[in-house]
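Peer 1:
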Amino acid sequence: MPHPAMSPHHVAVITGGASGIGLAAATRFAGLGMRVCIADIGAERLAEAGAKLASVAKGGAGDVMTAAVDVSRFDDVAGLEAAVAKKFGGTDILMNNAGIGPDSTSFGPLENWQRILNVNLWGVIHGTQAFAPDMIERGRAGLIINTGSKQGITTPPGNPAYNVSKAGVKALTEALQHELRNKPGCRINAHLMIPGHVFTGLTARGRSEKPDGAWTPDRRSGAGTVFAVPATQDSLCFAHKLRNALHPSSGQTKIRLILCSFAPIP
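In terms of this note's numbering, the sequence shown is residues 166 to 431.
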């Protein structure tokens with residue numbers, strides 16, 4: 166069964182929601198009858214994504230909200246939370262998904278390091294601190310889904326700033342879930358989503374065609390298998406399983422998403 170937060174008329178907020186995995190997730194939520202808010206930068210991109218969501222939302226445009234938000238700025242994210250509460254009454258699912266991936270080495274550029282950490286890590290921190298208190302206070306079942314990356318677990322060479330940001334998201338999500346499950350009466354759970362190799366604007370890097378082996382965003386946000394870790398699972402154990410999944414040596418070829426799929430997993 167889907168998580169009870171994924172119910173008609175409940176509210177999902179997705180940062181980085183105007184394209185890629187964020188838009189695919191928002192489309193999936195809207196198709197479930199949820200009311201959806203996408204936050205991103207770029208007025209034209211937001212308008213196009215909002216129109217797409219309105220075409221699939223059960224309540225049409227009335228069930229869709231778009232917001233221009235820079236997640237690296239806490240005031241922007243706090244304003245988003247207040248606006249969603251005013252329009253829809255509160256948030257049931259928060260998906261901290263906004264991310265960027267400009268090139269970096271251990272020696273710089275400093276500006277790229279700062280941009281990546283400000284969006285990928287501080288954006289998740291800002292989202293959590295702005296939304297979680299009221300989500301807990303409402304007393305309803307809810308989800309905080311943080312988009313991570315296998316690069317935050319296996320940390321391959323190539324873009325250390327991105328790896329650091331996603332390793333931080335993993336650590337934050339684990340700590341958050343520990344705090345949530347030990348808070349009396351709290352019905353919110355935190356989950357780390359590891360989508361694997363998905364062809365999006367972030368990963369395209371100038372390519373116009375999807376490379377072999379990559380997923381499309383709609384495939385990752387629908388049914389099927391994705392890489393993910395519940396924040397209650399031991400990270401070292403999961404890292405070992407993930408490496409086996411990526412480089413199978415004992416017959417293990419995939420890991421099922423345990424708790425935060427957008428569709429039921431048998």
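For each residue, glycine too, the CB sits at the ideal point set by N, CA and C.
Let me check understanding here. Comparing Cα to Cα, which of A297, P167, K335 and G304 lies closest to K315?
Peer 2: The candidate whose alpha carbon is nearest that of K315 is K335.
Peer 1: Identify whether H175 lies in helix, strand or coil by the three-state DSSP scheme.
Peer 2: Looking at H175 - three-state DSSP - the assignment turns out to be coil, as it is neither helix nor strand.
Peer 1: Where does the unbroken beta strand (DSSP E) through V229 begin, and where does it stop?
Peer 2: V229 to A233 is the span of the beta strand (DSSP E), which, as asked, contains V229.
Peer 1: Per DSSP, which one or two residues make a beta bridge with A204?
Peer 2: For A204, which the question treats as bridged, DSSP gives the partners T180 and A232.
Peer 1: Could I get the ranges of all uninterrupted alpha helix (DSSP H) runs contained in the segment 325-363, with 4 residues as the minimum, in chain order?
Peer 2: 325-346, all fully within the segment 325-363.
Peer 1: How is the alpha helix (DSSP H) around I281 delimited, first residue to last?
Peer 2: Unbroken alpha helix (DSSP H) run through I281: L275 to I281.
Peer 1: Among R210, I265 and T180, which has the Cα closest to the Cα of V242?
Peer 2: Taking only the C-alpha atoms, the option nearest V242 is T180.
Peer 1: Using a 10 Å radius around the Cβ and a threshold of 16 neighbouring Cβ atoms, would you call K331 buried or exposed?
Peer 2: Per the 10 Å Cβ criterion, buried.
Peer 1: Inspect the CB distances between the segment 219-226 and the segment 267-287 and report whether three or more fall short of 8 Å.
Peer 2: Because the criterion of three Cβ pairs below 8 Å is not met, the segment 219-226 and the segment 267-287 do not touch.
Peer 1: Report yes if the C-beta distance between V284 and I265 is below 9 Å; otherwise report no.
Peer 2: Yes, Cβ-Cβ distance for V284 and I265 is below 9 Å.
Peer 1: What three-state label does DSSP hand G307 in the structure shown?
Peer 2: G307 falls in the strand class under three-state DSSP.
Peer 1: Buried or exposed for N439, going by 16 or more other Cβ atoms inside 10 Å?
Peer 2: It is not possible to answer for residue 439, since the shown part of the chain is limited to 166 through 431.
Peer 1: Counting Cβ pairs closer than 8 Å, one from the segment 195-204 and one from the segment 273-287, do we hit at least three?
Peer 2: Segments in contact, no.
Peer 1: Look at the alpha carbon of H175 and the alpha carbon of G317, and state the distance between them as a whole number of angstroms.
Peer 2: Distance between the alpha carbons of H175 and G317: 31 Å.
Peer 1: Given that a residue counts as buried once 16 or more other Cβ atoms are within 10 Å of its Cβ, and exposed if not, what is L308?
Peer 2: Buried.
Peer 1: Between which two residues does the alpha helix (DSSP H) holding I186 run?
Peer 2: From DSSP, the alpha helix (DSSP H) with I186 extends over G185 to G196.
Peer 1: Identify the residues that DSSP records as bridge partners of I258: which are they?
Peer 2: I258 pairs with A177 and L308.
Peer 1: Taking only three categories from DSSP, how would you classify T319?
Peer 2: Here T319 sits in helix by DSSP.
Peer 1: Report buried or exposed for H356, applying the criterion of at least 16 other Cβ atoms within 10 angstroms of its Cβ.
Peer 2: So H356 ends up on the buried side.
Peer 1: Got a sec? Which residues, its chain only, sit under 7 Å from A248 by beta carbon, not counting five neighbours each side?
Peer 2: Correct list, in chain order: A232.
Peer 1: Is the Cβ-Cβ distance between L197 and P169 less than 9 Å?
Peer 2: No, these two residues do not count as a Cβ contact at 9 Å.
Peer 1: From the DSSP secondary-structure annotation, give me the bridge partner or partners of T270.
Peer 2: According to DSSP, T270 bridges with G273.
Peer 1: Give every residue of the same chain whose Cβ lies closer than 8 Å to the Cβ of D299, excluding the five residues on either side of it in the sequence, and list them in chain order.
Peer 2: Within the same chain, D299 has close Cβ partners E246, A250, G255 and T256.
Peer 1: Is V342 buried or exposed, if buried means 16 or more other CB atoms sit within 10 Å of its CB?
Peer 2: According to the sequence displayed, residue 342 carries Gln and not Val. With 16 or more Cβ atoms within 10 Å of its Cβ, Q342 is classed as buried.
Peer 1: Run the CB neighbour count on A226, radius 10 Å, all protein chains shown included, and call it buried at 16 or more, exposed below.
Peer 2: By the neighbour-count rule (16 or more Cβ atoms within 10 Å), A226 is not buried but exposed.
Peer 1: Can the beta-carbon of D205 be found closer than 9 Å to that of G224?
Peer 2: Going by C-beta atoms, D205 is not nearer than 9 Å to G224.
Peer 1: Measure the Cβ-Cβ separation of A295 and I353 and say whether it is below 9 Å.
Peer 2: No, these two residues do not count as a Cβ contact at 9 Å.
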